[in-house]
Amino acid sequence: MPQTEETVRRPRGRPQVRPDDETRQLLIEAANAEFQQHGYAGTGMGAVAQRAGVSTKTLYRLIPTKADLFATVIIDRIGHFMLAVDDRALEARAPAEALCDILVAFGNLTLAPDTIAIYRLVVAEGDRFPEIAAAFYEHAISRIGHRLESWLAREAERGRLHIDDPKAMAGMLRGMMIMEPQRAVMLGQRPAPAIEEIEARAKACTQLFLDGCRR
Numbered sequence: 380m381p382q383t384e385e386t387v388r389r390p391r392g393r394p395q396v397r398p399d400d401e402t403r404q405l406l407i408e409a410a411n412a413e414f415q416q417h418g419y420a421g422t423g424m425g426a427v428a429q430r431a432g433v434s435t436k437t438l439y440r441l442i443p444t445k446a447d448l449f450a451t452v453i454i455d456r457i458g459h460f461m462l463a464v465d466d467r468a469l470e471a472r473a474p475a476e477a478l479c480d481i482l483v484a485f486g487n488l489t490l491a492p493d494t495i496a497i498y499r500l501v502v503a504e505g506d507r508f509p510e511i512a513a514a515f516y517e518h519a520i521s522r523i524g525h526r527l528e529s530w531l532a533r534e535a536e537r538g539r540l541h542i543d544d545p546k547a548m549a550g551m552l553r554g555m556m557i558m559e560p561q562r563a564v565m566l567g568q569r570p571a572p573a574i575e576e577i578e579a580r581a582k583a584c585t586q587l588f589l590d591g592c593r594r
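Counting in this note's numbering, the final residue of the sequence shown is number 594, and the numbers go up one at a time with none missing.
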């Protein structure tokens with residue numbers, strides 16, 4: 380008996396199951412878009428699942444709460460920064476080159492429109508939902524600060540920089556790099572800076588900082 384076209388095209392066996400890691404990434408992207416469009420309070424788990432094209436059952440299995448979902452979005456963004464400032468690669472470079480690389484990665488992350496949108500959300504809704512303020516501080520501000528602080532401490536131990544308080548110096552560097560442009564963007568006074576401006580600012584901050592603490 381000849382096979383019909385429908386018979387030939389009918390899939391055999393069970394449908395292919397998407398790996399959880401891929402599904403989680405779809406949920407992160409969907410959540411990021413929903414949070415930016417509707418804010419934290421206005422974002423529903425069902426809307427995130429629908430945008431991602433997965434069931435709410437799958438969403439709750441992978442990421443149980445909206446607070447967890449928000450934290451996962453932050454962690455995903457910070458992960459890109461962590462990859463860009465690999466410790467082994469930095470140790471092979473001169474202090475000026477390594478610090479400039481760190482500040483460029485920091486500027487690209489912090490001054491990106493998506494990051495500024497999330498920061499606006501935290502500022503606007505953090506009082507009502509302290510869990511998002513805590514997640515942003517723990518997974519973004521603290522992790523970035525610790526990475527920069529660790530690099531400064533290692534350079535001081537190697538005798539290449541004179542730094543008494545790496546934690547305080549890391550905070551000053553971060554503020555010098557992003558505070559003014561970030562504030563202007565958040566207040567609607569200018570667009571987010573282009574990569575060329577971020578790189579130029581990183582070079583200027585690096586030179587200014589190292590001139591003050593180079594041995």
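Backbone N, C-alpha and C fix where the C-beta goes; we use that ideal spot for every residue, glycine too. Bear in mind the structure is a predicted one, so any value in this text is a computation, not a measurement.
Could you check which residue in the options has the C-alpha nearest to that of residue i?
{"i": "residue 456", "options": "555, 509, 404", "result": "404"}
{"i": "residue 451", "options": "524, 575, 514", "result": "514"}
{"i": "residue 498", "options": "484, 481, 516", "result": "516"}
{"i": "residue 418", "options": "496, 475, 408, 468", "result": "496"}
{"i": "residue 580", "options": "560, 564, 591, 590", "result": "560"}
{"i": "residue 420", "options": "534, 448, 489", "result": "448"}
{"i": "residue 572", "options": "505, 589, 488", "result": "488"}
{"i": "residue 493", "options": "523, 416, 480, 442", "result": "416"}
Under a Cβ-count criterion, where at least 16 other Cβ atoms within 10 Å of its own Cβ denotes burial, should residue i be classed as buried or exposed?
{"i": "residue 502", "result": "exposed"}
{"i": "residue 425", "result": "exposed"}
{"i": "residue 397", "result": "exposed"}
{"i": "residue 562", "result": "exposed"}
{"i": "residue 528", "result": "buried"}
{"i": "residue 486", "result": "buried"}
{"i": "residue 569", "result": "exposed"}
{"i": "residue 526", "result": "buried"}
{"i": "residue 409", "result": "buried"}
Between residue i and residue j, what straight-line distance do the alpha-carbon atoms span, to the nearest angstrom?
{"i": "residue 461", "j": "residue 556", "result": "17 Å"}
{"i": "residue 550", "j": "residue 434", "result": "42 Å"}
{"i": "residue 574", "j": "residue 518", "result": "24 Å"}
{"i": "residue 531", "j": "residue 432", "result": "44 Å"}
{"i": "residue 399", "j": "residue 439", "result": "12 Å"}
{"i": "residue 540", "j": "residue 577", "result": "24 Å"}
{"i": "residue 585", "j": "residue 430", "result": "42 Å"}
{"i": "residue 470", "j": "residue 477", "result": "8 Å"}
{"i": "residue 552", "j": "residue 544", "result": "12 Å"}
{"i": "residue 446", "j": "residue 590", "result": "43 Å"}
Would you kindly report the start and end of the unbroken alpha helix (DSSP H) that includes residue i?
{"i": "residue 417", "result": "399 to 417"}
{"i": "residue 459", "result": "445 to 463"}
{"i": "residue 569", "result": "Per DSSP, residue 569 belongs to no alpha helix (DSSP H) and is neither H nor E."}
{"i": "residue 520", "result": "No alpha helix (DSSP H) contains residue 520, which DSSP labels as neither H nor E."}
{"i": "residue 440", "result": "435 to 441"}
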